[in-house]
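**Student:** The C-terminal position of the sequence shown is numbered 596 in my numbering, with every residue numbered one higher than the one before it.
Positions of the beta carbon are idealized from the N, C-alpha and C atoms, including for glycine.
Have a look at the structure that comes next, please.
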Amino acid sequence: MSPQTLPQFIGGERVGADASGESRNPSNTDEVVARVPAGGKAEVDAAVAAAKAAFPAWSEASPEVRFDLLDKVGDTILKRREEIGRLLSREEGKTLPEGIGETVRAGRIFKYFAGEALRRHGQNLESVRPGVEIQTYRQAVGVYGMITPWNFPIAIPAWKTAPALAFGNTVVLKPAGPTPATAAALAEIIWECGAPAGVFNMIFGPGSMGAKLVEHPDVDGVSFTGSQGVGAGVAQAAVARQARVQLEMGGKNPLVILDDADLDRAVMVALDGSFYATGQRCTASSRLIVQDGIHDRFVAALAEKVAALKVGDALDPATQMGPAVSEDQMETSYRYIDIARSEGGRVVIGGGRLKLETPGWYVQPTLIADTDKAMTINNEEVFGPVASTVRVKDYDEALAVANGGEFGLSAGIVTTSLKHARDFQRRARAGMVMVNLPTAGVDYHVPFGGTKKSSYGPREQGFAAVEFYTQTKTAYSWA
Ligand code: NAD
Numbered sequence: 118m119s120p121q122t123l124p125q126f127i128g129g130e131r132v133g134a135d136a137s138g139e140s141r142n143p144s145n146t147d148e149v150v151a152r153v154p155a156g157g158k159a160e161v162d163a164a165v166a167a168a169k170a171a172f173p174a175w176s177e178a179s180p181e182v183r184f185d186l187l188d189k190v191g192d193t194i195l196k197r198r199e200e201i202g203r204l205l206s207r208e209e210g211k212t213l214p215e216g217i218g219e220t221v222r223a224g225r226i227f228k229y230f231a232g233e234a235l236r237r238h239g240q241n242l243e244s245v246r247p248g249v250e251i252q253t254y255r256q257a258v259g260v261y262g263m264i265t266p267w268n269f270p271i272a273i274p275a276w277k278t279a280p281a282l283a284f285g286n287t288v289v290l291k292p293a294g295p296t297p298a299t300a301a302a303l304a305e306i307i308w309e310c311g312a313p314a315g316v317f318n319m320i321f322g323p324g325s326m327g328a329k330l331v332e333h334p335d336v337d338g339v340s341f342t343g344s345q346g347v348g349a350g351v352a353q354a355a356v357a358r359q360a361r362v363q364l365e366m367g368g369k370n371p372l373v374i375l376d377d378a379d380l381d382r383a384v385m386v387a388l389d390g391s392f393y394a395t396g397q398r399c400t401a402s403s404r405l406i407v408q409d410g411i412h413d414r415f416v417a418a419l420a421e422k423v424a425a426l427k428v429g430d431a432l433d434p435a436t437q438m439g440p441a442v443s444e445d446q447m448e449t450s451y452r453y454i455d456i457a458r459s460e461g462g463r464v465v466i467g468g469g470r471l472k473l474e475t476p477g478w479y480v481q482p483t484l485i486a487d488t489d490k491a492m493t494i495n496n497e498e499v500f501g502p503v504a505s506t507v508r509v510k511d512y513d514e515a516l517a518v519a520n521g522g523e524f525g526l527s528a529g530i531v532t533t534s535l536k537h538a539r540d541f542q543r544r545a546r547a548g549m550v551m552v553n554l555p556t557a558g559v560d561y562h563v564p565f566g567g568t569k570k571s572s573y574g575p576r577e578q579g580f581a582a583v584e585f586y587t588q589t590k591t592a593y594s595w596a
């Protein structure tokens, strides 16, 4: 398949296709998926100016206009789920069902926020002064700069863009380097569905272009999803000029397995949470905290399932786990496996390099047992198909280990004890808690986000999104 050449999407014009960058198919690295222009400050300035110019009309348009656009975008994505899902899998490396599933999620998000555009989020309140009435309004903020990662190349752009547009803001989005074609498919749809010029802009370029967007004085709000290190710099730059900012970053998500767990359920939950989507989910279960009595049976049963996982080309229907997105991500997994070994971890399954017939960035799914909570593997995000187990004596120790470390995105427990399940829900220091479910895999109509260094600022998604994408005005009147 010949590569697409992508333009910059600025102010209703497709411009600047100098195409000096590219994305490759991680399942077959000989194949270039897209050629991409490498933008910089000029593109940021032009896109922000276009978004700023479009803001007054868009924010004052009838909410029905915004409903119609978002509803149409949602319908179009859902109609084209197979084609976009295939492109996503070719470019990111997740399996085709995962690629189509993510595309459907993006479509559903637009349809959900179409409804939000019409819903009234203000209040009428009684004043403490007789004859005075109070109303609160939720008003659009202005131009939002958005910076997204490669691991959900359509869903994350969707869950930032849809609420921003629904509430009357305009958008400049800079997607991640490895997955531009999937992001561009979303831009094409938003434009084809009739977004007025400047309402939605997408610009391609390196990380430094993201920094320019964050620093731009006409960007009123910044929504970032990516790694913790980059996120910290984004927050500093945004706060320094008093822009709104929201960050979603890494995780080192614990999954606790208690002695009373249903073994099959525990294995299924761990397999999905740790290895599906090649472990490249911020909510992946990377720390398996296992009680003594079930530990050996659990590790043996999970190892058997991991060994049977069919790793291969993302588009092959037999494939259960695709490649890493890039050579960097592949090498990161191998590096952390080596560190875990050198610190005393026991590689139960996987751990070696994986060469298939086609050249790809494949990683053997790897399970490492006998690790200690203080080891590097239990404290730093790998972002690959690598899980480690920590043995604990009881629930209290499990909870303490789960709550250790600097991240707090998602936490799970597998147990048949209602008492422990409810206690874990209350006391796990994470933004999302799962009982007898994988730590990854969340609904699109409810809040998403974490604690500690996993997140910063208001929650994303569902009914929580109104917080970040609007500002409250309080009006008093006497008549
Ligand atoms: P990354 O931080 O390397 O890049 C994210 C985005 O930031 C990219 O678009 C990149 O070009 C841009 N960027 C890089 N340097 C920048 C700078 N100095 N200023 C502004 N923007 C800059 O992350 P990644 O490798 O694309 O994605 C993987 C990371 O994303 C993982 O840490 C993962 O946990 C995290 N993630 C978090 C969530 C969540 O919701 N919590 C979801 C998905 C991924």
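1. Based on the DSSP secondary-structure assignment, which residues constitute the bridge partners of Y229?
2. Which complete beta strand (DSSP E) runs does the stretch 470–512 hold, if anything under 3 residues is left out?
3. Between which two residues does the beta strand (DSSP E) harbouring M549 extend?
4. Verify the contact flag: F500, CB atom, against every heavy atom of the ligand NAD, threshold strictly below 6 Å.
5. Going by Cα to Cα distance, which pick from H238, G467 and V153 is closest to K422?
6. Since F126 is in the beta strand (DSSP E), which residue starts that stretch and which ends it?
7. Who pairs with I530 in a beta bridge, going by DSSP?
8. Whose C-beta lies closer than 7 Å to the C-beta of D377 among residues of the same chain, with five residues either side of it excluded?
9. Quick check for students: name the residue ranges of the beta strand (DSSP E) that lie wholly in the stretch 241–287, counting only runs of 3 or more.
10. Under the rule that 16 or more other beta-carbon atoms within 10 Å means buried, what is P323, buried or exposed?
11. Comparing C-alpha positions only, which one of A528, D560 and F321 sits nearest to S571?
12. Count the C-beta pairs between the stretch 132–144 and the stretch 468–485 that are closer than 8 Å, then say yes if the count reaches three, no if not.
13. For P434, which residues from the same chain have a beta carbon less than 8 Å from its beta carbon, with the 5 sequence-adjacent residues on both sides left out?
14. Taking the alpha carbon of R398 as the point to measure from, which residue in V428, E365, H412 and A486 has its own alpha carbon closest?
15. Nearest to P274 by CA position, among M319, T436 and L186, is which residue?
16. May I ask whether a heavy atom of the ligand NAD can be found less than 6 Å away from the beta carbon of E365?
17. Pull up the distance between the alpha-carbon of A164 and that of K211, whole angstroms please.
18. For N520, which residues does DSSP report across the bridge?
19. Quickly, what does DSSP pair F172 with across the bridge? List them, please.
20. For the ligand NAD, is there any heavy atom lying closer than 6 Å to the beta carbon of G327?
**Tutor:** The relevant details are as follows:
1. Position 112 of the sequence shown, counted from the start, is the residue given in the question as residue 229. Note: Y229 sits in no beta bridge, so no partner.
2. Listed in chain order, the complete beta strand (DSSP E) runs (minimum 3 residues) inside the stretch 470–512 are 483–486 and 503–509.
3. Mapped onto the sequence shown, residue 549 falls at position 432. In this chain, the beta strand (DSSP E) harbouring M549 covers M549 to V552.
4. By one-based count along the sequence shown, residue 500 stands at place 383. For the ligand NAD, at least one heavy atom lies less than 6 Å from the Cβ of F500.
5. As a first step, residue 422 must be located in the sequence shown, where it is residue number 305. The shortest C-alpha separation from K422 is found at G467.
6. Stepping through the sequence shown from its first residue, residue 126 is reached at position 9. Segment Q125 to I127, the beta strand (DSSP E) holding F126.
7. The sequence position of residue 530 within the sequence shown is 413, counting from 1. V373 and V552, per the DSSP bridge assignment.
8. Position 260 of the sequence shown, counted from the start, is the residue given in the question as residue 377. Only T532, T533 and S534 meet the Cβ criterion.
9. Counting whole runs of 3 or more residues, the stretch 241–287 contains the beta strand (DSSP E) stretches 249–257 and 260–264.
10. Residue numbering aside, residue 323 sits at position 206 when the sequence shown is read from its first letter. By the Cβ-count criterion, P323 is exposed, with fewer than 16 other Cβ atoms from all chains shown falling within 10 Å of its own Cβ.
11. Looking up residue 571 in the sequence shown gives position 454. Checked all of A528, D560 and F321; the closest Cα to S571 is A528.
12. Counting Cβ pairs under 8 Å, three or more are found: they touch.
13. By one-based count along the sequence shown, residue 434 stands at place 317. Closer than 8 Å at the Cβ level, and outside the excluded window around P434, lie L213.
14. Your numbering for residue 398 matches position 281 in the sequence shown. Checked all of V428, E365, H412 and A486; the closest Cα to R398 is E365.
15. For this step, residue 274 is matched to residue 157 along the sequence shown. Answer by Cα proximity: M319.
16. Within the sequence shown, numbered from 1, the residue matching residue 365 stands at position 248. For E365, the CB falls within less than 6 Å of some heavy atom of the ligand NAD.
17. Counted from its first residue, the sequence shown places residue 164 at position 47. Counted from its first residue, the sequence shown places residue 211 at position 94. A direct Cα-to-Cα measurement between A164 and K211 gives close to 31 Å.
18. Mapped onto the sequence shown, residue 520 falls at position 403. As computed with DSSP, N520 is found in no beta bridge at all.
19. Position 55 of the sequence shown, counted from the first residue, corresponds to residue 172. According to DSSP, F172 shares a beta bridge with no other residue.
20. Translated into positions along the sequence shown, residue 327 becomes position 210. Yes.
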